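What follows is a single structure, written as structure tokens, with notes after it.
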Amino acid sequence: MKAAVLTQFRQPLEMLTMPDPKPGPDDAVLEVVCCGICRSDWHAWQEDWTWFGMKIKPPHILGHEISGRVIEVGKNVRSYKVGDRVTAAFHTACGHCFACSTGHSNQCTSGSGSIGFSFQGGFAQYVSIPQADVNLVRLPDAVDDMSAAALGCRFMTAYHGVIERAAVQAGEWVAVFGLGGVGLSALQIAVAAGAQVIAVDISDDKLQAAQVEGAAVTINGKSGAAHKEIKALTKGGVNVSVDALGIAETALPAIGSLRRGGRHLQIGMTSQKEQGKIALPVDSMVQQELSFIGTYGCPVTSYPRLLSLVASGKLNPKRLVKDIVSLDQTSDVLTAMTNYSTMGLSVINRW
Ligand SMILES: [Zn+2]
Ligand SMILES: [Zn+2]
Numbered sequence: 002m003k004a005a006v007l008t009q010f011r012q013p014l015e016m017l018t019m020p021d022p023k024p025g026p027d028d029a030v031l032e033v034v035c036c037g038i039c040r041s042d043w044h045a046w047q048e049d050w051t052w053f054g055m056k057i058k059p060p061h062i063l064g065h066e067i068s069g070r071v072i073e074v075g076k077n078v079r080s081y082k083v084g085d086r087v088t089a090a091f092h093t094a095c096g097h098c099f100a101c102s103t104g105h106s107n108q109c110t111s112g113s114g115s116i117g118f119s120f121q122g123g124f125a126q127y128v129s130i131p132q133a134d135v136n137l138v139r140l141p142d143a144v145d146d147m148s149a150a151a152l153g154c155r156f157m158t159a160y161h162g163v164i165e166r167a168a169v170q171a172g173e174w175v176a177v178f179g180l181g182g183v184g185l186s187a188l189q190i191a192v193a194a195g196a197q198v199i200a201v202d203i204s205d206d207k208l209q210a211a212q213v214e215g216a217a218v219t220i221n222g223k224s225g226a227a228h229k230e231i232k233a234l235t236k237g238g239v240n241v242s243v244d245a246l247g248i249a250e251t252a253l254p255a256i257g258s259l260r261r262g263g264r265h266l267q268i269g270m271t272s273q274k275e276q277g278k279i280a281l282p283v284d285s286m287v288q289q290e291l292s293f294i295g296t297y298g299c300p301v302t303s304y305p306r307l308l309s310l311v312a313s314g315k316l317n318p319k320r321l322v323k324d325i326v327s328l329d330q331t332s333d334v335l336t337a338m339t340n341y342s343t344m345g346l347s348v349i350n351r352w
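Those letters in the sequence shown? Residues 2 to 352, per the working numbering, in order.
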């Protein structure tokens, strides 16, 4: 099969012919129809996240925002057959541990790890998904392949974070810092939940995209005073702040924009500079009773609700797709992510 392969960190991916995957007894092989290119792919390509144990050994195929068709299943697979249209959460699960059986498959530590990180991913014509009965998600007819790839990791992560972890309520003020793919996703979802959303970025183009997604207010964060503007505008601060990037320059003003009792949702994970650590204003967080909420992926059991909102058009992940590329352009998208010059979501759909 054709694949865009990471052969050396930080160097262009190479277009290579790789062996077609064969399914193990519990697995399914998909023909990849669409695959998003995510900032997590960029992090892996940069050799980030070694500080929490990520180890990628080139040659390696990244890619974890997949929609596809089942072309082969292992002998134990019961729920899926050849021809089924599917997607999968990037974090695979075992289906029977405590986390899985209590609806937290995103917290399972007994699965096969993450698609495209722990094993070969979707920057290729075919991909094998382990434990298919547990990890595949069937697509309703009303959710097309592009929308399913756009749910990817960024949109489903934003959904779980905004709706299930931060529990954003109608009428609340929400500030989203960093308007990359996951930031625009969080914005769209918070707006759909009835929140009044303030969007912050240093790129005017991204602020414009935020207006399209229904931001009540946009603020250019270049001055470093966004948190003060937000506190004045909302007469005390937002109920929920979202750091959709994971650098000190977004996490700290996000927390600084909260009102007393506010909730900070941390979606973005850190880069080389922070290496997992951002110094927080602990004393004021204690005094103001602020919550710091981490969020990771999206449990498989949340997909039916998420997919029904996409099927009915209340959520529209496909609208965030700003760039449709071919497999051999994947590397260029990763390069563009280095200086944040991509817009919204970039998705591969030509092989
Ligand atoms: Zn991702
Ligand atoms: Zn499990």
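Don't be surprised by glycine CBs; every beta carbon is placed ideally from N, CA and C.
Being a predicted model, the structure only gives us computed values, none of them experimental.
Each residue's CA atom was taken as its position, placing D27 and A255 some 43 Å apart.
Boundaries around A100 are those of the alpha helix (DSSP H), F99 to S102, since no beta strand (DSSP E) includes it. Of the heavy atoms belonging to ligand 2, at least one sits nearer than 7 Å to the Cβ of H97.
Rounded to the nearest whole angstrom, the CA to CA distance from F120 to R139 is 22 Å. Taking the C-beta atoms as reference points, E173 is found no nearer than 8 Å to Q189. Going by beta carbons, V34 and A125 fall outside the 8 Å limit.
Here K232 has G238 and S258 as same chain residues with Cβ atoms under 7 Å from its own Cβ, once five neighbours each way along the sequence are excluded.
Secondary structure within the region 196 to 266: the beta strand (DSSP E) runs of 3 or more consecutive residues, fully enclosed, are 197 to 202, 218 to 221 and 239 to 244 (chain order). The beta carbon of S327 is closer than 6 Å to those of R351 in its chain, skipping five residues each way along the sequence. Shown in chain order are the residues whose CB sits closer than 5 Å to a heavy atom of ligand 1: C39, S41 and C154. In the structure shown, the three-state DSSP call for S303 is helix. Between the alpha carbons of P131 and C39 lies a distance of about 21 Å.
In this chain, the alpha helix (DSSP H) harbouring T339 covers T331 to T339. Secondary structure of V71 (DSSP, three-state): strand. Between G179 and A245 the beta-carbon gap is near 4 Å, inside 8 Å, which marks them as a contact. Not one heavy atom of ligand 2 lies closer than 7 Å to the C-beta of G104.
Using a 10 angstroms sphere on the CB of P22, the tally of other CB atoms reaches 16 or more, which defines it as buried.
In chain order, G247, I248 and A249 place their CB closer than 8 Å to the CB of E275, counting only its own chain and leaving out the 5 sequence neighbours on each side.
Beta-bridge partners of H105 (DSSP): none assigned.
Judged by the Cβ position, S115 fails to qualify as a neighbour of ligand 2 at the 7 Å threshold, every heavy atom of the ligand being at least this far.
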